[in-house]
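Trainee: What follows is a single structure, and I will ask about it in a moment.
Numbering (this note's numbering), first residue to last: 815 to 1106.
Here it is as structure tokens:
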């Protein structure tokens, strides 16, 4: 998988590094427009870096990964979303709900009310270099071959690591996949985003907030990742807490600061927003009035 790399002197290496440094403009190449504070704190998503997005079941991690992937694709980057959890049809419907602000319940009970929005969505995604598939990534060889055969990727997303398969002991299979995934990101000069579960047993900890050591089935994720984002929806565990309050913790950032970012989560739209978005607030209020 990896080619032999020429070893450089320190001076030669500095000259090579300067080529990239001199291209910096103070603005990230690959941004996260829908969550500008997160984008700022991470300085965007960087090529050759591998980011883990982890949370417990039903805490919105797949929805957040999908939203970030769309953010990147609409900047004219080639993005592949490899789902091992949900069907590709379910994911494209989630993306429709997110971008069109149509609730998942309305899509079940009265989808024909949104024919105009269906066509608007078709126009929106036309010519966007965004591939969603549920047939790639079951093992690392399958993933690598797909990356070789498909047009050059700028970003790949795997949802989620605990669903991959292989021969041998479970932990060894996952560790091998993780380190080779990291190699691929570096070799192909692309952004890697890997979704992971957090152990359910950790729900018994005080506050229930996830920690890095709780990454499910493998300790290699924390070691291999350049960045780790831990997500937490407190209302899921305590209905007295605000419904839309959501936490994204930058628990690890190899080349930057860690910290907590609070955002709004609208699960009926699979959508994440920073606070003080008047348009979204208006739509949500109308939805709440309709449901009450």
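The C-beta atom is built at its ideal place from N, Cα and C for all residues, glycine as well. Note that the structure is a prediction, hence the values are computed from the model and not measured.
1) Applying the criterion that 16 or more other CB atoms from any shown protein chain within 10 Å of the CB defines a buried residue, is residue 962 buried or exposed?
2) May I ask which residues mark the beginning and end of the beta strand (DSSP E) holding residue 869?
3) At the level of alpha carbons, what is the spacing between residue 1021 and residue 977?
4) Pair every Cβ in the region 1042 to 1051 with every Cβ in the region 865 to 875, then say whether three or more of these pairs are closer than 8 Å.
5) Identify, in the order they occur along the chain, each residue of the same chain with its Cβ nearer than 8 Å to the Cβ of residue 938, setting aside the five sequence neighbours on each side.
6) Rounding to the nearest angstrom, what Cα-Cα distance links residue 828 and residue 822 in this structure?
7) From what residue to what residue does the alpha helix (DSSP H) around residue 961 run?
8) On the criterion of 16 or more Cβ atoms from any shown chain inside 10 Å, does residue 955 qualify as buried, or is it exposed?
9) Under 8 Å, Cβ to Cβ, is there at least one residue of chain D near residue 867?
10) Should residue 989 and residue 1034 be called a contact, given that it needs their Cβ atoms to be closer than 8 Å?
11) Which partner residues does residue 982 have in the DSSP bridge list?
12) Which word fits residue 996, buried or exposed, when buried means at least 16 other C-beta atoms lie within 10 angstroms of its C-beta?
13) Taking the CB atoms as reference points, tell me whether residue 1066 and residue 1007 lie closer together than 8 Å.
14) Which parts of the region 1060 to 1097 are runs of the beta strand (DSSP E), unbroken and 3 residues or longer, counting only runs that do not cross its ends?
15) Considering Cα atoms alone, identify which of 1085, 1005, 1038 is closest to residue 1060.
16) In this structure, what does DSSP give as the bridge partners for residue 947?
17) Verify whether the separation of the beta carbon atoms of residue 1051 and residue 915 is less than 8 Å.
Mentor: This is what the structure holds:
1) On the chain shown, residue 962 is found 148 positions in, with the first residue counted as 1. Exposed, since its Cβ has fewer than 16 Cβ neighbours within 10 Å.
2) Working through the chain shown from its first residue, we reach residue 869 at position 55. Counting along the chain, the beta strand (DSSP E) containing residue 869 begins and ends at 864 to 869.
3) Stepping through the chain shown from its first residue, residue 1021 is reached at position 207. Stepping through the chain shown from its first residue, residue 977 is reached at position 163. So the alpha carbons of these two residues sit roughly 27 Å apart.
4) yes
5) Sequence index remark: in the chain shown, residue 938 carries index 124 (1-based). Excluding positions up to five away in sequence, the list reads 913.
6) Position 14 of the chain shown, counted from the first residue, corresponds to residue 828. Position 8 of the chain shown, counted from the first residue, corresponds to residue 822. Computed Cα separation, rounded: 9 Å.
7) Numbered from its first residue, the chain shown carries residue 961 at position 147. Looking at the DSSP string, the run of the alpha helix (DSSP H) that includes residue 961 is 954 to 963.
8) Stepping through the chain shown from its first residue, residue 955 is reached at position 141. So residue 955 ends up on the exposed side.
9) Protein chains in the displayed structure number just one, and chain D is not present.
10) Sequence index remark: in the chain shown, residue 989 carries index 175 (1-based). Sequence index remark: in the chain shown, residue 1034 carries index 220 (1-based). Result yes, Cβ atoms of residue 989 and residue 1034 sit closer than 8 Å.
11) By one-based count along the chain shown, residue 982 stands at place 168. Residue 982 is not bridged to any residue.
12) Taking the first residue of the chain shown as 1, we reach residue 996 at position 182. The residue in question, residue 996, is buried, as its Cβ has 16 or more Cβ neighbours within 10 Å.
13) Start at 1 with the first residue of the chain shown, and residue 1066 comes out as number 252. Start at 1 with the first residue of the chain shown, and residue 1007 comes out as number 193. Contact: no.
14) 1073 to 1080, 1085 to 1087
15) Sequence index remark: in the chain shown, residue 1060 carries index 246 (1-based). Checking every option, the nearest Cα to that of residue 1060 belongs to 1085.
16) Along the chain shown, read from residue 1 onward, the residue named residue 947 stands at position 133. Residue 947 pairs with 896.
17) In the chain shown, counting from the first residue as 1, residue 1051 sits at position 237. In the chain shown, counting from the first residue as 1, residue 915 sits at position 101. Their beta carbons are not under 8 Å apart, which means residue 1051 does not touch residue 915 by this criterion.
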